[in-house]
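In this note's numbering, the protein residues as written are -9 to 717.
Quick look at the structure:
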């Protein structure tokens, strides 16, 4: 479906563009203007909800571009901003006239200010930091203005560098305690925070506070030297791509321009097999955070990183790490990725506020762990089934090769053969995928009927139906979701909820991505092109709607049984992105709710009551609130005694919340027969499944899903008997 739509879009755009662009006179070296013209052309004619390119649009681009280039406000001066201001309401006109003078002015000034910064940071780092002084820094830069003078700019750099160096200073003092302690050999293998930082600079003798302070400054300087060497290698076109994407992302957060190299990376990521650490990253302000961990990859195997962790520095095989705070995401990824077998050292600020250095060996991230997998759940003399689906995958070249719907159908059959009396479909952390597989998968659980409505711009919604009257699973069903369940996951959960076919357990609401994107190669839009590969644009072209008429955009799916997790208060959803499309509603499709003998409301009420009384859930809620509180504290003390006190308090609190992982549901999990046969030849698969089963046994959400399945089963039996009596 997506391929056909992309093709139709290209045909439509080419038909109009053939006369539009062949008559324009662009110089052979003026690729930037051609790209600007092409991209805005496609956006205005192909985007689902095109925005008027007017003064308001101009202001968004103006503020967005400056924020991307200087998020911590330590390059530009207030006088620069005032000079740029003359363009604040003119960028829309420049876009229409393929004028890039705003970009040129800002770009040239940025290069100058970066040259100034190279002098400033060296001057700052020549002087010792006084960690006994009562001093604070505000790390929420949004509310801060630009400074007026070089003197003020240097002071801003001083505070930021003192803050950046404070953790390293502490680690070197902690190393003294380790190396001189009675159990130093034991501590050196403990894998704790001190050991991690000790790898940065192993010393043969303890350092005095003054020596530790100087060593920390030296390390910070080395990191900045490396960073600016890296920046110096960037070309003008790299910065222009940032400008283009500032324009593009005003339309919505999922529309994006891929430069030729980036398009290649996108294609690689879509194939599901690449060499790296096995984590997806997202840039928000000056932070590089982990938003997804890919099963089977180095991060997944290591078990130390988690979603929400922030990567601060990246080192290669024990070498001095590079500070990536404030660095562009693409640039940061270049440091993190690398060939199979090489080592990368990540300095990480954990979700709980602790600081660690984690060393990983890069590897090929296998697609296999992105496929559906199942397990039997044993509770007493009863058996249930669980299917974990990381994404709605498909081979667009050959749908029949392998896809999520076919695989889930196969796992359902295997679980039925194993005697499962209820089924859990785990869609937590599932970011979506193929629409066709969602429709087919939903059809496994209902007789027939609509699954989702899809609308293109100014067109009547198209209803996607399950036309197969066969029901593969008619037993009790629970869907598990969380804040990271998005797009296709939300369609399936919403359909099961609207049909009252299954009970949705999870976060207050899912991610809220209710839009469809297609990738359009820009070279297909022009008749003749002298500039080579022009890259591609990922364009939002459609919107999803539930069969009850409501959009999943922004609001996501609200769980029937709401349970907190540690991410409950963290900004992760579509509503927390820049420029998301709005929520709206259309007419509902015609559908008939599930006619099975299920007391849907009573089951939800019983589950909610259990969750409200569950001590593990209360602990998770407390953890989530603590994490949110820590993230909201943006004024930080630069006094070492205060820093240390806070660090120790955070460690104690983190230790307290570690008991969450000690939970035991007293459920047993085992692989199905076919997988056990594979274990004899694949010890790695056995290890992966053993670890998965251990994690499931500690999972309070899976435990409650089993409780709900029991309730559904009992209600089914009771109501079936009542129906028989009435009959």
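In this text, a Cβ means the ideal position worked out from N, Cα and C, and glycines have one as well. All of these numbers come straight from a predicted model, not from anything done at the bench.
By how many angstroms is the C-alpha of residue j removed from the C-alpha of residue i?
i, j, result
"residue 602", "residue 610", "12 Å"
"residue 394", "residue 488", "22 Å"
"residue 250", "residue 129", "35 Å"
"residue 14", "residue 527", "Reliability of the predicted coordinates at residue 14 is poor, the pLDDT of 46 falling under 50, and no value is obtained from them."
"residue 498", "residue 236", "31 Å"
"residue 631", "residue 638", "11 Å"
"residue 704", "residue 406", "19 Å"
"residue 207", "residue 349", "23 Å"
"residue 524", "residue 512", "6 Å"
"residue 302", "residue 138", "29 Å"
"residue 690", "residue 682", "14 Å"
"residue 202", "residue 119", "11 Å"
"residue 177", "residue 607", "The predicted model places residue 177 with a pLDDT of 33, which falls under 50 and marks its position as unreliable, so this point remains unresolved."
"residue 649", "residue 612", "12 Å"
"residue 131", "residue 304", "23 Å"
"residue 32", "residue 232", "18 Å"
"residue 34", "residue 86", "11 Å"
"residue 695", "residue 414", "7 Å"
"residue 556", "residue 449", "41 Å"
"residue 720", "residue 360", "No information on residue 720 is available, as it lies outside the stretch -9 to 717 that the chain covers here."
"residue 334", "residue 289", "11 Å"
"residue 658", "residue 416", "17 Å"
"residue 624", "residue 145", "18 Å"
Is residue i helix, strand or coil when you go by DSSP?
i, result
"residue 305", "strand"
"residue 88", "coil"
"residue 202", "helix"
"residue 796", "Residue coverage of the chain in this structure runs from -9 to 717, which leaves residue 796 outside it and unanswerable."
"residue 367", "strand"
"residue 673", "helix"
"residue 288", "helix"
"residue 558", "coil"
"residue 191", "Any reading at residue 191 must be qualified, since the residue scores a pLDDT of 44, below 50, and its modelled position is unreliable; no value is offered."
"residue 475", "coil"
"residue 280", "strand"
"residue 163", "helix"
"residue 383", "coil"
"residue 294", "coil"
"residue 724", "Given that the chain is displayed from residue -9 to residue 717, the structure contains no residue 724 and the question cannot be resolved."
"residue 345", "strand"
"residue 407", "helix"
"residue 416", "strand"
"residue 361", "coil"
"residue 337", "strand"
"residue 231", "helix"
Could you say which of the options lies nearest to residue i if we only look at CA atoms?
i, options, result
"residue 529", "228, 95, 240", "240"
"residue 376", "89, 705, 66, 660", "660"
"residue 403", "238, 664, 72, 494", "664"
"residue 566", "206, 494, 98, 474", "474"
"residue 701", "107, 439, 594", "594"
"residue 538", "569, 523, 485, 493", "485"
"residue 410", "551, 101, 466", "466"
"residue 634", "294, 159, 242", "159"
"residue 70", "82, 52, 83, 87", "52"
"residue 479", "464, 532, 419, 495", "419"
"residue 426", "482, 412, 379, 374", "482"
"residue 27", "121, 654, 247", "247"
"residue 329", "265, 107, 695, 371", "265"
"residue 156", "205, 109, 196", "205"
"residue 554", "105, 658, 618, 148", "618"
"residue 502", "113, 434, 588, 562", "562"
"residue 230", "58, 268, 124", "58"
"residue 122", "656, 668, 629, 697", "629"
Problem set entry | Segment contact, 8 Å Cβ cut-off, at least three pairs: the segment 637 to 645 with the segment 346 to 366 | Touching, no.
For this session: Mind the definition here: the segment 530 to 547 touches the segment 590 to 600 only if three or more C-beta pairs lie below 8 Å; say whether that holds.
Result: With a cut-off of 8 Å, the segment 590 to 600 and the segment 530 to 547 do not count as touching, because too few Cβ pairs lie within range.
Exercise. Of all the beta strand (DSSP E) runs that stay within the bounds of the segment 585 to 656, which reach a length of 3 or more residues?
Worked result: Fully enclosed beta strand (DSSP E) runs of no fewer than 3 residues occupy 625 to 627 of the segment 585 to 656, in order along the chain.
Exercise. Hey, which unbroken runs of the alpha helix (DSSP H) at 4 residues or more fall wholly within the segment 47 to 89?
Worked result: Counting only runs that start and end inside the segment 47 to 89, the alpha helix (DSSP H) elements of at least 4 residues fall at 68 to 74, 81 to 86.
Problem set entry | Completely contained beta strand (DSSP E) runs for the segment 81 to 142, where each covers 3 or more residues | Segments of the beta strand (DSSP E) lying fully in the segment 81 to 142: 126 to 128.
Problem set entry | Sufficient close CB pairs (3 or more, under 8 Å) joining the segment 271 to 281 to the segment 318 to 335 | Touching, yes, given that three or more Cβ pairs across the two stretches are closer than 8 Å.
Exercise. Would you call the segment 434 to 444 and the segment 675 to 689 in contact, with 3 or more CB pairs under 8 Å?
Worked result: Of all C-beta pairs linking the segment 434 to 444 to the segment 675 to 689, fewer than three are shorter than 8 Å, placing the two stretches out of contact.
Exercise. Between the segment 328 to 344 and the segment 287 to 306, do at least 3 Cβ pairs fall closer than 8 Å?
Worked result: The segment 328 to 344 is in contact with the segment 287 to 306.
Problem set entry | Contact the segment 48 to 64 vs the segment 205 to 224: 3+ CB pairs below 8 Å | The way I'd put it, the segment 48 to 64 doesn't touch the segment 205 to 224; fewer than three beta-carbon pairs between them come closer than 8 Å.
For this session: Within the segment 499 to 568, note down every full beta strand (DSSP E) run reaching 3 residues or more, in order along the chain.
Result: Runs of the beta strand (DSSP E) inside the segment 499 to 568: 505 to 511, 526 to 535.
Exercise. Within the chosen definition, does the segment 91 to 104 reach the segment 63 to 81 through at least 3 CB pairs nearer than 8 Å?
Worked result: They touch, by the three-pair rule.
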